[in-house]
Amino acid sequence: MSARLLLLPGDGIGPEVVAEAERVLAALRDRFGLEVEWSEGLIGGAAIDAEGDPLPASTLEAARVADATLLGAVGGPKWEAIERSIRPERGLLRIRSELGLYANLRPAMLFKELAGASSLRPELVAGLDILIVRELTGGIYFGQPRGIRQGEPHPDGRPGGQRVGFNTLVYSEFEIERIARSAFEAARKRDKRVCSVDKANVLECSELWREVVTRVAADYPDCELSHMYVDNAAMQLVRAPKQFDVIVTGNLFGDVLSDIAAMLTGSIGMLPSASVNEKAQGLYEPVHGSAPDIAGQDKANPLAAILSLAMLLRHSLDRGDLADRVEAAVAGVLADGLRTGDLAGEGGTPVGTRAMGEAVVARLGN
Ligand code: NAD
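The opening position of the sequence shown corresponds to residue 7 in this note's numbering, with each subsequent residue numbered one higher.
Written out as structure tokens, the structure is:
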């Protein structure tokens, strides 16, 4: 049976970069027999303009029945003045929560041709390929109780009459187990090494995290598990990032670590991401936004969107072979010296969005 995909181009450069990913998708169907069909939907500002809602019911329904969704980006100055609850970004938050996308996969991959773009020395990062698996729907961002209230006088001498702010870090065994499984499943498609990052020397919640991840590891004897405290992990990511394969961690730690890892690669136009649920249904999207400053000018780098499509093939369609092919084609065009403006640096003549997409298609082979 054909896989069913939903494309949500969105706003700004979203439609431009998704069009290039679609070109790659069509080539995979025509040349390699990928059985796939797709349709397009509205999200973000484009959906507000057409239907007055950043996530119309028809879009949500289409995403629910699709095997996977590929999104461009949402938002832009045009919609900044409208009320917060119906802004473009709300569409994105809602689709993530409606589909129960609890596992956020953020690769930090650095093609060796771009090693000069990193803030670290090229030899530390050339060929970097790590995957951060971040729990996305639990942890301290969602725990109860939360708030700001009038504080009591405290035995440690803190004066009364002051306000206190508080959030609660909660993880259930179920939540830890399913994110651990996502990490091991992803590791099986890679170098089979999982590093679980926590703060088990201080937090009881992390103690449970460590215990459950260790238990789940027994079901994956082909994979190696290690544990690391988050402070050390932050340090190791900038000291020797290539030691990692898959990092699995909670929502807050993952938020910070994935941004550190992203910066190691130096370029926002190259970074894909995925958020998936237990049915391996996923939302795949570039990390970058709608880039209103370059929208409509054929300047956007489409590689993050194309690499998001590669993730979709690997994680939702189980076509790691085609994902490898797409990633190799991207490496190929970079080796050929093609650069969009964001990667060109001084001197070189940048190629446009469309030319970059066409070059990737040409590099896919037959
Ligand atoms: P941005 O990522 O859109 O742009 C930041 C800078 O990076 C800009 O100079 C832009 O030109 C450049 N850039 C981004 N992607 C690029 C690409 N593919 N090729 C070349 N250059 C690229 O972030 P921003 O400017 O903070 O936000 C712009 C809008 O996008 C805002 O409305 C914001 O809310 C929205 N946004 C959406 C998402 C999303 O849809 N997931 C994420 C972040 C921001």
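We put the CB at the ideal spot given by N, CA and C, even for glycine.
Next item on the list: Find the nearest neighbour of ILE139 within the set GLN156, PRO151, LEU98, ASN110, judged by alpha-carbon distance.
Entry: The residue you call residue 139 lines up with position 133 of the sequence shown. Note that residue 139 is Val in the sequence shown, not Ile. Of GLN156, PRO151, LEU98, ASN110, the residue nearest in Cα terms is ASN110.
Checklist line | Residues that DSSP places opposite TYR235 in a beta bridge | finding: On the sequence shown, residue 235 is found 229 positions in, with the first residue counted as 1. For TYR235, which the question treats as bridged, DSSP gives the partners ASP204.
Checklist line | Heavy atom of ligand 1 within 6 Å of VAL30 beta-carbon | finding: Position 24 of the sequence shown, counting from 1, holds the residue named residue 30. Not one heavy atom of ligand 1 falls within 6 Å of the beta-carbon of VAL30.
Item checked: Short Cβ contact (7 Å threshold) for VAL30 with VAL366 -> Locating residue 30 in the sequence shown gives position 24, where the first residue counts as 1. Locating residue 366 in the sequence shown gives position 360, where the first residue counts as 1. Contact: yes.
Next item on the list: Return the chain-ordered list of same chain residues with a C-beta closer than 6 Å to the C-beta of PRO15, the five sequence neighbours on each side being excluded.
Entry: Indexing the sequence shown from 1 puts residue 15 at position 9. Around PRO15, the same chain offers PRO21, VAL24, GLY78 as residues with beta carbons nearer than 6 Å, after the five sequence neighbours per side are excluded.
Next item on the list: Identify whether LEU49 lies in helix, strand or coil by the three-state DSSP scheme.
Entry: Reading the sequence shown from its first residue, position 43 is the one you call residue 49. The sequence given here has Ile at residue 49, not Leu. ILE49: coil per DSSP, three-state reduction.
Notebook entry, point to check: Nearest CA to the CA of TYR371: which residue from GLY275, LEU340, ARG331?
Noted result: For the purposes of this step, residue 371 is taken as the residue at position 365 of the sequence shown. Here the sequence assigns Gly to residue 371, which means Tyr is not the residue at that position. Selected option, being the one with the closest Cα: ARG331.
Check: Under 7 Å between the Cβ atoms of ALA27 and ALA311?
Finding: On the sequence shown, residue 27 is found 21 positions in, with the first residue counted as 1. On the sequence shown, residue 311 is found 305 positions in, with the first residue counted as 1. Cβ atoms of ALA27 and ALA311: closer than 7 Å.
Notebook entry, point to check: Within the present structure, is the beta-carbon of ASP265 separated from the nearest heavy atom of ligand 1 by less than 6 Å?
Noted result: Counting from one through the sequence shown, the residue named residue 265 turns up at place 259. For ligand 1, not one heavy atom lies less than 6 Å from the Cβ of ASP265.
Margin query: Below 8 Å on the Cβ atoms is my contact criterion, and I expect ALA337 with ALA316 to pass it. Report the Cβ-Cβ distance as a whole number of Å.
Written below: For the purposes of this step, residue 337 is identified with residue 331 of the sequence shown, where counting begins at 1. For the purposes of this step, residue 316 is identified with residue 310 of the sequence shown, where counting begins at 1. Incorrect: roughly 11 Å between the Cβ atoms, too far for contact.
Margin query: Check this for me: beta carbons of ARG100 and LEU61, under 7 Å apart or not?
Written below: Along the sequence shown, one-based indexing puts residue 100 at 94. Along the sequence shown, one-based indexing puts residue 61 at 55. Yes, they are a contact pair.
Margin query: ligand 1 and SER314: does the residue's C-beta get closer than 6 Å to at least one heavy atom of that ligand?
Written below: Working through the sequence shown from its first residue, we reach residue 314 at position 308. Not so, every heavy atom of ligand 1 lies at least 6 Å from the Cβ.
Margin query: Taking contact to mean 3 or more Cβ pairs, one atom from each stretch, closer than 8 Å, check whether the region 203-219 and the region 170-186 are in contact.
Written below: Yes, they touch.
Notebook entry, point to check: Between VAL200 and VAL236, is the Cβ-Cβ spacing less than 7 Å?
Noted result: Within the sequence shown, numbered from 1, the residue matching residue 200 stands at position 194. Within the sequence shown, numbered from 1, the residue matching residue 236 stands at position 230. Against a cut-off of 7 Å, the Cβ pair of VAL236 and VAL200 comes out as no contact.
Notebook entry, point to check: Which first and last residues belong to the beta strand (DSSP E) in which LEU138 is found?
Noted result: Walking along the sequence shown from the start, residue 138 turns up at place 132. For the sequence presented, residue 138 should be read as Ile rather than Leu. Unbroken beta strand (DSSP E) run through ILE138: 135-141.
Check: Under 6 Å from any heavy atom of ligand 1, does the C-beta of VAL149 make it?
Finding: If you number the sequence shown from 1, residue 149 lands on position 143. A small fix is needed here, since residue 149 is Gly in this sequence, not Val. No - ligand 1 has no heavy atom lying nearer than 6 Å to the Cβ of GLY149.
Check: Taking 6 Å as the cut-off, is the CB of ASN307 close to at least one heavy atom of ligand 1?
Finding: The residue you call residue 307 lines up with position 301 of the sequence shown. Yes, ligand 1 has a heavy atom inside 6 Å of this Cβ.
Note to self: Residues in the same chain with beta-carbon distance under 8 Å from THR174, minus the five sequence neighbours each way, listed in chain order, please.
What the structure shows: Working through the sequence shown from its first residue, we reach residue 174 at position 168. Closer than 8 Å at the Cβ level, and outside the excluded window around THR174, lie ILE146, GLY149, GLN150, PRO151, ARG152.
Check: Sorry if obvious, but does the Cβ on VAL80 come closer than 6 Å to a heavy atom of ligand 1?
Finding: Within the sequence shown, the letter at position 74 stands for residue 80. VAL80: yes, Cβ under 6 Å from ligand 1.
Notebook entry, point to check: In whole angstroms, what is the alpha-carbon distance linking PHE172 and ARG187?
Noted result: Start at 1 with the first residue of the sequence shown, and residue 172 comes out as number 166. Start at 1 with the first residue of the sequence shown, and residue 187 comes out as number 181. Near 30 Å, if we compare the C-alpha coordinates of ARG187 and PHE172.
Notebook entry, point to check: Based on Cα-Cα distance, which residue from LEU309, GLU158, LEU289 lies nearest to ALA334?
Noted result: Residue mapping note: residue 334 aligns to position 328 of the sequence shown, counting from 1. Out of LEU309, GLU158, LEU289, LEU309 has the C-alpha closest to the C-alpha of ALA334.
Note to self: Counting C-beta neighbours from all protein chains within 10 Å, is the total for PRO247 16 or more, i.e. buried, or is it exposed?
What the structure shows: Translated into the one-based positions of the sequence shown, residue 247 becomes position 241. In this structure PRO247 is buried. Its beta-carbon is surrounded by 16 or more other beta-carbon atoms within 10 angstroms.
Item checked: Burial state of ASP342 (16 or more Cβ within 10 Å) -> Within the sequence shown, numbered from 1, the residue matching residue 342 stands at position 336. Counting of Cβ neighbours within 10 angstroms places ASP342 among the exposed residues, the total staying below 16.
Margin query: Under 6 Å: does the beta carbon of LEU296 sit that close to some heavy atom of ligand 1?
Written below: Position 290 of the sequence shown, counting from 1, holds the residue named residue 296. The question names Leu, but residue 296 is Ser in the sequence shown. In this structure, SER296 has its beta carbon less than 6 Å from a heavy atom of ligand 1.
Notebook entry, point to check: Does the Cβ of THR359 have 16 or more other Cβ atoms within 10 Å, making it buried, or fewer, making it exposed?
Noted result: Residue numbering aside, residue 359 sits at position 353 when the sequence shown is read from its first letter. It is buried - the Cβ of THR359 has at least 16 other Cβ atoms within 10 Å.
Item checked: At least three beta-carbon pairs within less than 8 Å, the region 51-70 to the region 33-41 -> Judged by Cβ distances under 8 Å, the region 51-70 makes no contact with the region 33-41, as fewer than three pairs qualify.
Notebook entry, point to check: Which runs of the alpha helix (DSSP H), 4 residues or longer, sit entirely within the region 247-334?
Noted result: Counting only runs of 4 or more, we get 257-271, 309-321.
Margin query: Which residue marks the beginning of the alpha helix (DSSP H) containing THR346, and which one marks its end?
Written below: As a working mapping, residue 346 is identified with position 340 in the sequence shown. Segment: none, THR346 is in no alpha helix (DSSP H) and carries neither H nor E.
Next item on the list: With hydrogens ignored, establish whether the beta-carbon of ASP348 is closer than 6 Å to any heavy atom of ligand 1.
Entry: By 1-based counting over the sequence shown, the position of residue 348 is 342. True, at least one ligand heavy atom lies under 6 Å from that Cβ.
Next item on the list: Measure the CB-CB distance between ASP55 and SER296 and report whether it falls below 7 Å.
Entry: The residue you call residue 55 lines up with position 49 of the sequence shown. The residue you call residue 296 lines up with position 290 of the sequence shown. No. Outside cutoff.
Note to self: Taking 6 Å as the cut-off, is the C-beta of GLY275 nearer than that to any heavy atom in ligand 1?
What the structure shows: For this step, residue 275 is matched to residue 269 along the sequence shown. True, at least one ligand heavy atom lies under 6 Å from that Cβ.
Notebook entry, point to check: If we ignore side chains and look at the alpha-carbon of each, how far apart do ARG96 and ARG112 end up?
Noted result: If you number the sequence shown from 1, residue 96 lands on position 90. If you number the sequence shown from 1, residue 112 lands on position 106. Cα to Cα, the separation comes out at about 21 Å.
Check: GLY81: which of ALA361, HIS294, LEU318, VAL339 sits nearest, CA to CA?
Finding: Along the sequence shown, read from residue 1 onward, the residue named residue 81 stands at position 75. Closest by alpha carbon: HIS294.
Next item on the list: State the DSSP-derived secondary structure class of ILE101, mapped to helix, strand or coil.
Entry: In the sequence shown, the residue the question calls residue 101 occupies position 95. In this structure, DSSP gives ILE101 a helical state, which the three-state scheme calls helix.
Next item on the list: Report the rounded CA-to-CA distance for ASN257 versus SER322, giving the unit in angstroms.
Entry: Locating residue 257 in the sequence shown gives position 251, where the first residue counts as 1. Locating residue 322 in the sequence shown gives position 316, where the first residue counts as 1. Going from the Cα of ASN257 to the Cα of SER322 covers about 22 Å.
Checklist line | C-beta atoms of CYS229 and ALA193 nearer than 7 Å | finding: Translated into positions along the sequence shown, residue 229 becomes position 223. Translated into positions along the sequence shown, residue 193 becomes position 187. Yes; because the gap between Cβ atoms is below 7 Å, this pair is in contact.
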